[in-house]
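Just below is one structure, and these are the notes that go with it.
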Amino acid sequence: MVIGYCFCNKMYDEQILKILSIVDERGISVSALTKHIFNQNCTFFFQPDLQEIRQYVQQYLLRNSKSPQSLIESTGRRGYYRLNMQGSQDARQLMLNFREETIDHSDEEPQHPDQSLNLFDNDFSDTSQPDC
Numbered sequence: 013m014v015i016g017y018c019f020c021n022k023m024y025d026e027q028i029l030k031i032l033s034i035v036d037e038r039g040i041s042v043s044a045l046t047k048h049i050f051n052q053n054c055t056f057f058f059q060p061d062l063q064e065i066r067q068y069v070q071q072y073l074l075r076n077s078k079s080p081q082s083l084i085e086s087t088g089r090r091g092y093y094r095l096n097m098q099g100s101q102d103a104r105q106l107m108l109n110f111r112e113e114t115i116d117h118s119d120e121e122p123q124h125p126d127q128s129l130n131l132f133d134n135d136f137s138d139t140s141q142p143d144c
């Protein structure tokens, strides 16, 4: 049971950092960040506890925003956080890593349009069948 708990925490950490890398300099509120993490982890078979996620997100943000060189910083507005781009080399490297993931890979095979038949199309141009 402890292994699953650690896996979830690591997954939450990555999701928090990914979201923080997307937001602008105004940051994101703890409640909005919590909702994003909650929604990313909801499935048809599992729904995490929103309060547990909120508590984890709050603790993670507080733990990682203590010093001026921390990965995360408060925006000055209560409950809003962003990546610390000026004081943390790790935050700048993290932004580069996430940007590399989102770069369009031109060497990948292009997507082909769906050419399957539409079962609900009312265009019956075949008139060879007799009327009933």
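Residues 13 to 144 (our numbering) make up the sequence shown, in order. Yeah, the Cβ is synthetic: ideal placement off N, Cα and C, and Gly gets one too.
Give the single residue among the options whose Cα lies nearest to the Cα of residue i.
{"i": "Leu22", "options": "Tyr92, Gly88, Glu85 and Ile49", "result": "It is worth fixing the name first, because residue 22 is Lys in this sequence and not Leu. When only C-alpha atoms are compared, the closest one is Ile49."}
{"i": "Tyr72", "options": "Tyr93, Pro60, Arg89 and Ser33", "result": "Tyr93"}
{"i": "Lys78", "options": "Arg66, Phe58 and Asn96", "result": "Asn96"}
May I ask you to list the residues that DSSP assigns as paired with residue i?
{"i": "Glu26", "result": "Bridge partners of Glu26: none, in fact."}
{"i": "Leu171", "result": "The requested residue 171 does not occur in the structure, where the chain is confined to residues 13 to 144."}
{"i": "Ser33", "result": "DSSP lists no partner for Ser33."}
{"i": "Ile40", "result": "Tyr93"}
Residue j and residue i - do their beta-carbons sit closer together than 8 Å?
{"i": "Gln52", "j": "Gln27", "result": "yes"}
{"i": "Ile84", "j": "Leu32", "result": "yes"}
Rounded to the nearest angstrom, what separates residue i and residue j at their Cα positions?
{"i": "Asp25", "j": "Phe57", "result": "22 Å"}
{"i": "Ser82", "j": "Pro60", "result": "28 Å"}
{"i": "Ser43", "j": "Arg66", "result": "7 Å"}
{"i": "Ile34", "j": "Tyr68", "result": "20 Å"}
Within the present structure, is the beta-carbon of residue i separated from the nearest heavy atom of the ligand GDP by less than 7 Å?
{"i": "Leu73", "result": "Looking at this structure, you won't find the ligand GDP or any other ligand, since it has none at all."}
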